[in-house]
Amino acid sequence: VDFTRGELGTRGTPEIRAAESAAASNILQLSVRENLGLPDGFFKNDREHQLPLIAAIRRYQPEVVLCNAISDRHPDHGRGSQLATEACFLSGLRMIETLGADGQPQAAWRPKHVYHYIQDRQIAADFVVDITPFWAGKWASINAYGTQFFNTNADPTAPQTYLSGQTFAHFMEARAREFGHLIGVEFGEGYTVERPVGVREIGELI
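Going by our numbering, the residue at position 24 of the sequence shown is 115; the numbering climbs one at a time, nothing skipped.
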């Protein structure tokens, strides 16, 4: 579930972003993806913006939610993190009414786990997942966003941004390698949590 269409982005347009999103979704073999159309840069953690997210949570009924970093360079990321965390709780309150696509009231649903990505700014990970088998797919999906990230075929007259240079591409790979190094694998994805992570068998840890 995407929050905004990225209409304030320096490079590209909302239409181009939508096409890039569709291409990335195809690479990742997603079964569903939707955009809530919240105002880029200006959405708030309030009732108006909570309700469409609560409806989406109830529609898809996830057990696990992965969402933005708790704080980051882009203010939308930290704000989006808080919005998602609170929506996950509020979606479990049956007195909050939302309607499904059929116009009928949705059942309350509360995800069991909420985990936060680590994005631009360095944050100590609470746990790291081995993503080595999936790295090629992740990297290809990132590169599908040709207007956002480094792209040798990009319009040379387009303005350069914090994300569009090759240095940032190297940083993203280095970050994944660093997290992987911490757990003894090639590539890793770090997450933060709001409560301790439980395991049923200590032998499952790597």
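Here a beta-carbon is modelled for each residue, glycine too, at the ideal position from N, C-alpha and C.
With contacts defined by Cβ atoms closer than 9 Å, ARG164 and GLY191 do not form a contacting pair.
Counting along the chain, the unbroken beta strand (DSSP E) around ASN126 starts and ends at 126-129. Around the beta carbon of LEU144, a 10 Å sphere encloses 16 or more other beta carbons of the protein chains shown; the residue is thus reported as buried. Distances from the CA of ALA235 to each of CYS179, ARG201, ILE148, ALA260 were compared; the closest alpha carbon is that of ALA260. According to the DSSP assignment, GLY281 belongs to the beta strand (DSSP E) that extends over 279-284. Using a Cβ-Cβ distance cut-off of 8 Å, the segment 230-246 and the segment 187-206 are not in contact, since fewer than three pairs of beta carbons, one from each stretch, lie closer than that value. Using a Cβ distance threshold of 9 Å, ARG102 and ALA249 count as a contacting pair.
Comparing C-alpha distances from GLU98 to each of LEU121, ALA160, ASP167 shows the shortest one belongs to ASP167.
By the C-beta density criterion, ARG185 is exposed, having fewer than 16 other C-beta atoms within 10 angstroms. Three or more beta-carbon pairs separated by less than 8 Å are not found between the segment 201-208 and the segment 252-272, which leaves the two stretches without contact. Per the C-alpha coordinates, the member of PHE218, ASN117, ILE209 positioned closest to LEU273 is PHE218.
In the three-state DSSP reduction, THR95 falls in the strand class (E or B). Only buried fits ARG108, as 16 or more other CB atoms lie within 10 angstroms of its CB. Secondary structure of PRO202 (DSSP, three-state): coil.
Taking all protein chains shown into account, ILE297 has fewer than 16 neighbouring C-beta atoms within 10 Å of its C-beta and is therefore exposed. With fewer than 16 other beta carbons inside 10 angstroms of its own, ASN117 counts as exposed. Rounded to whole angstroms, PRO105 and GLU292 show a C-alpha spacing of 46 Å. The three-state secondary structure of PHE240, taken from DSSP, is coil.
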